[in-house]
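Position 128 (the sequence shown) corresponds to 150 in the working numbering; numbering is contiguous. Glycine residues also receive a C-beta, built at the ideal position from the N, C-alpha and C atoms. One structure is given below, encoded as structure tokens.
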Amino acid sequence: MIFYFSGTGNSKHIAEKIANSTGERLVCISENIIAENETYEIEENERIGFVFPVYWYCMPKIVEKFIVQLKLSGYHKQYVYAITTYGLAAGNVMDRLIQTLSNKQVQVKGIFGVQMVDNYVVGYNIINVDKQRTILKNAEVETTKIMTMIERRENIEYIKKGRIRFVTPITGYAYRKAKHTKKFFATSECNSCKKCERSCPCNTIQMMDGKPVWVGECTFCLKCINGCKQSAIQYGKSTKKRDRYQYKKKTNTVMGRFSANRYNVPFV
Ligand SMILES: Cc1cc2nc3c(=O)[nH]c(=O)nc-3n(C[C@H](O)[C@H](O)[C@H](O)COP(=O)(O)O)c2cc1C
23 MIFYFSGTGN SKHIAEKIAN STGERLVCIS ENIIAENETY EIEENERIGF
73 VFPVYWYCMP KIVEKFIVQL KLSGYHKQYV YAITTYGLAA GNVMDRLIQT
123 LSNKQVQVKG IFGVQMVDNY VVGYNIINVD KQRTILKNAE VETTKIMTMI
173 ERRENIEYIK KGRIRFVTPI TGYAYRKAKH TKKFFATSEC NSCKKCERSC
223 PCNTIQMMDG KPVWVGECTF CLKCINGCKQ SAIQYGKSTK KRDRYQYKKK
273 TNTVMGRFSA NRYNVPFV
């Protein structure tokens with residue numbers, strides 16, 4: 023069984039790729055977070071995987087919430103692994119996951135990281151199309167290697183942590199405490215399509231007078247801002263001239279107006 027969370031599609035792609043190859047069941051965390059009383063039945067020889075992006079060297083709040091409430095039946099030391107996708111470096115993202123799962127007597131044996139395109143548009147611009155292609159091609163190669171290690175149920179740590187990984191507890195604390203929704207707004211280019219409201223994994227977005235507003239808990243996945251076809255969603259003043267990113271495998275559709283980066287990158 024593979025539990026996954028993804029804002030802009032990178033982690034979803036990796037989870038699906040593994041599921042397609044191993045035949046494992048896929049569980050989307052954001053769709054299942056509401057089903058608090060769900061118990062997941064684990065079979066005798068089944069592997070249990072977690073796939074999610076790195077947020078400030080930490081796991082997304084929604085993933086942590088899901089794991090805290092996760093109930094597994096039939097677990098008796100089957101192989102558990104976690105894969106994170108990241109832009110530059112993953113820090114000590116897995117520390118908290120390992121701790122949270124060990125509180126449930128679940129032991130993580132395989133730890134993996136796959137570098138993909140950084141979607142952190144509120145901090146800096148998305149890398150150009152050529153670089154995206156190179157990174158995503160390499161991600162395919164890395165994922166194939168990781169799949170072999172998972173199939174062999176290897177007890178291994180295969181992840182690029184980066185030099186400043188020791189700041190993880192600080193960034194993690196700041197991430198968990200921050201109120202992320204304050205700076206989001208929709209411009210006059212918003213055509214009230216409601217895509218952001220429908221696709222928000224935390225149900226944070228509500229339409230008011232035909233425009234989205236951000237209320238309540240937000241995991242800061244940036245799906246709304248990266249996924250808006252009108253580029254009508256902004257975050258303070260920083261994102262106006264920046265490109266947007268969403269993982270797409272084969273399409274070549276125009277995403278927005280500012281540059282070639284708005285074209286989804288065909289990389290295979
Ligand atoms: C709020 C936020 C924080 C991020 N922090 C990091 C980070 O600390 N290190 C890193 O390498 N990438 C970071 N990223 C980039 C994502 O981890 C990366 O783009 C990931 O592949 C996105 O996965 P997704 O498409 O499945 O959402 C961050 C992205 C967001 C939205």
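Not one heavy atom of ligand 1 falls within 6 Å of the beta-carbon of L94. Taking a 10 Å sphere around the C-beta of Y79, we find 16 or more other C-beta atoms and assign the residue as buried. Counting of Cβ neighbours within 10 angstroms places E164 among the buried residues, the total reaching 16 or more. Contact fails between the region 233–251 and the region 122–139, because fewer than three Cβ pairs, one in each stretch, are under 8 Å apart.
Annotated three-state conformation of Y108 is strand, per DSSP. In the three-state DSSP reduction, K233 falls in the strand class (E or B). Looking at the DSSP output, I255 bridges to A208.
Between Q154 and A112, the alpha-carbon positions lie close to 18 Å from each other. In the three-state reduction of the DSSP assignment, V102 falls in the strand class. Pairwise C-beta distances place the region 54–74 out of contact with the region 178–197, as fewer than three of them are shorter than 8 Å.
Between A104 and M138, the gap from beta carbon to beta carbon reaches 7 Å or more. Here DSSP, grouped into helix, strand and coil, assigns I36 to helix. Taking a contact to require three or more Cβ pairs closer than 8 Å, the region 222–231 and the region 142–157 do not qualify as touching. Assignment of C218 by DSSP, reduced to helix, strand and coil, places it in the helix class. DSSP places P191 in no beta strand (DSSP E) but in the uninterrupted alpha helix (DSSP H) bounded by T190 to K199.
Looking at the backbone, the Cα of N141 and that of Y26 are separated by about 17 Å.
V85: member of the alpha helix (DSSP H) spanning K83 to Q91, first to last residue. When C-alpha distances from V115 are compared across Q91, Q100, G109 and Y77, the shortest belongs to Y77.
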